[in-house]
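**Q** 425 is the number that the numbering used here gives to position 394 of the sequence shown; each next residue is one higher, with no gaps. From the three backbone atoms N, C-alpha and C, an ideal C-beta is built for every residue, glycine too. Nothing here was measured: the structure is a model prediction, and the numbers come from that model. Structure below; questions to follow.
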Amino acid sequence: MRVSVFGAGYVGLVTAACFADVGNHVVCVDVDSEKITLLNQGIVPMHEPGMENLLVTNLNTGRLQFTTDPAVAVQHGEVLFIAVGTPPDEDGSADLQYVLQVAHVIGQLMTETKCVVNKSTVPVGTATAVKNTILRALNERGLDYPVDVVSNPEFLKEGAAIADFMRPDRIVLGTDSPEAIEVMRELYAPFNRNRDRLIVMSVASAELTKYAANAILATKISFMNEMANLADSVGADIEQVRLGIGSDPRIGFDFLYAGCGYGGSCFPKDVKALRHTFQAFGGEAKILQAVENVNQQQHHRLFDKIKKFYGEDLTGRCFALWGLAFKPNTDDMREAPSRTLLSLLWAAGARVQAYDPKAMSEARRIYGQRADFKLCDSPHAALDKADALIIMTEWKVFRSPDFSAIKNQLKQAVIFDGRNLYDPKRMKARGFRYFGIGRGESL
Ligand code: NAD
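Quick look at the structure:
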């Protein structure tokens, strides 16, 4: 099939490359000319495991092309995917300007009927707005083609995006058009072999499904964080509680880890946008409000422990920070808990020596040169003469470090662990003061 994808970010690039990989001819278009130049050279502008290989392989077959020219994309695709960003607007609602710009361009350029598919995460009603925008632009040209706008939300996770796309848990399609269902069934067939994962529903249901999915995951995180904070107060260990509750199959073990809060480009903005939808329809999202409040407090949780340990004024203190990305296997630092912590440490007068396996350039881009921030080449370089180690991202490389070396390099053997990577009893036996999240330390 001939497919075009608008947007070459995490979702657009993965979508384009995966469709090309199974034999489709794909054009991917982006307004960011620097990104397109890199992609045409086989260079992936972000860190996503396996992406470079997939990109180069499919560029070489000629089945994957990148352009900044939307006319090429509109003309090429029988199916046009919209996968541009939907960042939060000032009031927390999803900013649809990029999605609607693409819709307008499609309406300005299309010369035959197309199946338009929205993959961006958008509030209920957006597919209709996209369709109306296309029809208006067609109308201005005196044209009137039938236009189907399908909602096909994406559930991939950064860091495992290719595997998630190639072997999806579900493929959600929101449409009432039998023709569109057929086209999408054929396009997704290579990813839908072992059992039928296609779930066809109304457009509004599909749009809401994506938000509901992210909101329930964010809720699980905030719930466990709230329990962890109580565990700290009462001297319980949240890890033992996790095992105790996760063994009930109605609860399950997935996504029950306490930590320093959720971040990234999706959970924070999607929870906010969903709350906004409630308000727009005269309702109030009481649970989601609580989820957000707990998360905001949780971003401060390690800093609160640090303050209790050292006092309010951290002038002259230096901290080693392991992990800047909002989660492992990505260089994405959007709304990462590390960013809140850095601001708090700097405001209290501390210096930070940081290391992250992939997010160093991103940190350099965000913070530039600062006297109170040093990016180090290795986890151990970051420890040099620091007062304590702080862990913010659960990268594999931090899981079994050389504890004797850590002890030798730190001024004092103190670890604040926002990801609960180590066993508190063993840490005590190794001679560390070890403060996790909800591990029974009443700091
Ligand atoms: P991103 O910011 O990485 O990429 C968006 C891209 O769209 C950018 O490269 C931008 O230049 C491009 N763009 C903007 N306007 C354009 C236009 N008019 N024409 C062509 N390109 C244009 O965003 P992302 O993370 O890929 O997310 C895209 C959408 O998918 C969002 O709605 C997001 O919520 C959703 N989503 C993201 C993830 C994720 O893990 N990142 C997962 C599922 C769904």
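Rounded to the nearest angstrom, what separates residue 244 and residue 184 at their Cα positions?
**A** Taking the sequence shown and counting its residues from 1, one reaches residue 244 at position 213. Taking the sequence shown and counting its residues from 1, one reaches residue 184 at position 153. For residue 244 and residue 184, the distance between alpha carbons rounds to 11 Å.
**Q** For the beta strand (DSSP E) containing residue 334, name the first residue and the last one.
**A** Translated into the one-based positions of the sequence shown, residue 334 becomes position 303. That residue, residue 334, is in no beta strand (DSSP E); its alpha helix (DSSP H) goes 317–341.
**Q** Could you please go through the chain and list the residues whose beta-carbon is closer than 6 Å to any non-hydrogen atom of the ligand NAD?
**A** 37, 38, 39, 40, 41, 42, 43, 60, 61, 62, 63, 66, 114, 115, 116, 117, 129, 132, 133, 151, 152, 185, 187, 189, 296, 297
**Q** Determine, using beta carbons only, whether residue 250 and residue 322 come nearer to each other than 8 Å.
**A** As a first step, residue 250 must be located in the sequence shown, where it is residue number 219. As a first step, residue 322 must be located in the sequence shown, where it is residue number 291. Going by C-beta atoms, residue 250 is nearer than 8 Å to residue 322.
**Q** In this structure, what does DSSP give as the bridge partners for residue 147?
**A** Residue numbering aside, residue 147 sits at position 116 when the sequence shown is read from its first letter. Note: residue 147 is bridge-paired with 111, 180 in the DSSP secondary-structure output.
**Q** So residue 109 packs on residue 162, CB below 8 Å; how close in whole Å?
**A** Within the sequence shown, residue 109 is the residue found at index 78, counting from 1. Within the sequence shown, residue 162 is the residue found at index 131, counting from 1. So it is not a contact: roughly 17 Å between Cβ atoms.
**Q** Using CA atoms only, rank isn't needed, just tell me which of 438, 279, 442, 182 is closest to residue 459.
**A** As a working mapping, residue 459 is identified with position 428 in the sequence shown. Considering only alpha carbons, the answer is 438.
**Q** Any idea what DSSP makes of residue 59, helix, strand or coil?
**A** Along the sequence shown, read from residue 1 onward, the residue named residue 59 stands at position 28. Residue 59 falls in the strand class under three-state DSSP.
**Q** Between residue 389 and residue 282, what straight-line distance do the alpha-carbon atoms span, to the nearest angstrom?
**A** Taking the sequence shown and counting its residues from 1, the one referred to as residue 389 is at position 358. Taking the sequence shown and counting its residues from 1, the one referred to as residue 282 is at position 251. Straight-line Cα distance between these residues: approximately 33 Å.
**Q** Would you identify the three-state DSSP class for residue 276, choosing helix, strand or coil?
**A** Start at 1 with the first residue of the sequence shown, and residue 276 comes out as number 245. Of the three classes helix, strand and coil, the one that applies to residue 276 here is helix, per DSSP.
**Q** Since residue 353 sits in a beta bridge, which residues does DSSP pair it with?
**A** On the sequence shown, position 322 is the one that residue 353 refers to. Answer is 386, 422, bridged to residue 353.
**Q** Within 8 Å of any Cβ in chain E, is that where the Cβ of residue 424 sits?
**A** Structure shown: chain E not included; a single protein chain is present.
**Q** Classify residue 305 as buried or exposed, calling it buried when 16 or more other Cβ atoms lie within 10 Å of its own Cβ.
**A** Within the sequence shown, residue 305 is the residue found at index 274, counting from 1. Under this definition residue 305 is a buried residue.
**Q** With DSSP as the reference, identify every bridge partner of residue 465, one or two as the case may be.
**A** One-based indexing of the sequence shown puts residue 465 at position 434. 446.
**Q** Are at least three pairs of beta-carbons, each pair with one atom in the region 417–437 and one in the region 344–361, less than 8 Å apart?
**A** yes
**Q** In terms of alpha-carbon separation, which member of 192, 33, 122 lies closest to residue 311?
**A** Position 280 of the sequence shown holds residue 311. Comparing Cα positions, the closest option is 122.
**Q** Going by DSSP, name the residue or residues bridged to residue 98.
**A** The residue given as residue 98 occupies position 67 in the sequence shown. Partner(s): 60.
**Q** Starting from residue 35, follow the beta strand (DSSP E) in both directions and report where the run begins and ends.
**A** By one-based count along the sequence shown, residue 35 stands at place 4. Per DSSP, residue 35 belongs to the beta strand (DSSP E) from 33–37.
**Q** With three or more C-beta pairs closer than 8 Å as the rule, is the region 35–45 touching the region 96–107?
**A** yes
**Q** Have a look at residue 420 and residue 351 and give me their C-alpha separation to the nearest angstrom.
**A** Against the sequence shown, residue 420 aligns to sequence position 389. Against the sequence shown, residue 351 aligns to sequence position 320. In a straight line, the C-alpha of residue 420 is about 5 Å away from that of residue 351.
**Q** Looking only at its own chain, which residues have a Cβ that is under 6 Å from the Cβ of residue 379, when we skip the five neighbours before and after it?
**A** The residue given as residue 379 occupies position 348 in the sequence shown. The answer, listed in chain order, is 345.
**Q** Output the boundary residues of the alpha helix (DSSP H) element that contains residue 252.
**A** Within the sequence shown, residue 252 is the residue found at index 221, counting from 1. Residue 252 -> alpha helix (DSSP H) spans 234–265.
**Q** Residue 57 and residue 95 - do their beta-carbons sit closer together than 8 Å?
**A** Taking the sequence shown and counting its residues from 1, one reaches residue 95 at position 64. Taking the sequence shown and counting its residues from 1, one reaches residue 57 at position 26. Result yes, Cβ atoms of residue 95 and residue 57 sit closer than 8 Å.
**Q** Buried or exposed: which applies to residue 174, given that a residue is buried once 16 or more other Cβ atoms fall within 10 Å of its Cβ?
**A** Walking along the sequence shown from the start, residue 174 turns up at place 143. Around the beta-carbon of residue 174, fewer than 16 other beta-carbon atoms lie within 10 Å, marking it exposed.
**Q** Is it buried or exposed for residue 177, if we count other Cβ within 10 angstroms and need 16 for buried?
**A** Looking up residue 177 in the sequence shown gives position 146. Exposed, because fewer than 16 other Cβ atoms sit within 10 Å of the Cβ of residue 177.
**Q** What residue range is occupied by the uninterrupted alpha helix (DSSP H) comprising residue 434?
**A** Residue numbering aside, residue 434 sits at position 403 when the sequence shown is read from its first letter. 434–440 is the span of the alpha helix (DSSP H), which, as asked, contains residue 434.
**Q** Does the structure place the region 69–86 close enough to the region 105–120 that three or more beta carbon pairs sit under 8 Å?
**A** no
**Q** Taking contact to mean at least 3 C-beta pairs separated by less than 8 Å, is the region 140–158 in contact with the region 233–240?
**A** yes
**Q** Could you check whether residue 147 and residue 180 sit closer than 8 Å to each other, using their CB atoms as the reference points?
**A** On the sequence shown, position 149 is the one that residue 180 refers to. On the sequence shown, position 116 is the one that residue 147 refers to. Yes, the Cβ-Cβ distance between residue 180 and residue 147 is below 8 Å.
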